Amino acid sequence: MSRPELLTNLDVNDALRDAERLHRVAIVLKQRSAIRYELLSLNLERFWQGFDARASGCELEA
73 MSRPELLTNL
83 DVNDALRDAE
93 RLHRVAIVLK
103 QRSAIRYELL
113 SLNLERFWQG
123 FDARASGCEL
133 EA
């Protein structure tokens, strides 16, 4: 293999390695985003359950 062909192959391999790394990072970021969304949903559910318990525990005088 000539030197220019070798350099071209190395450049292609570097590009593929970078693309694979970016793909893995994108997957991790999507997973983290989904986890944050689920935690927010759980926290909101707990908040409203506590709010409902407090609201039903005290009677408002009209």
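Numbering-wise, the numbering used here puts 77 at position 5 of the sequence shown, and it's gapless, one number per residue. No residue lacks a Cβ here, since even glycine has one placed at the ideal position from N, Cα and C. Please read these numbers as outputs of a predicted model, since none were measured by experiment.
Could you please give the first and the last residue of the uninterrupted alpha helix (DSSP H) stretch that includes residue i?
i, result
"S74", "Where S74 is concerned, there is no enclosing alpha helix (DSSP H), given that its DSSP letter is neither H nor E."
Could you tell me the alpha carbon to alpha carbon distance between residue i and residue j, rounded to whole angstroms?
i, j, result
"N115", "A87", "42 Å"
"A134", "R108", "Residue confidence is low: A134 scores 47 on pLDDT, short of 50, so the model does not pin down where it sits. No coordinate-derived value is stated."
"K102", "L111", "14 Å"
"S74", "A91", "26 Å"
"R89", "S105", "24 Å"
"A125", "E117", "12 Å"
"G129", "G122", "11 Å"
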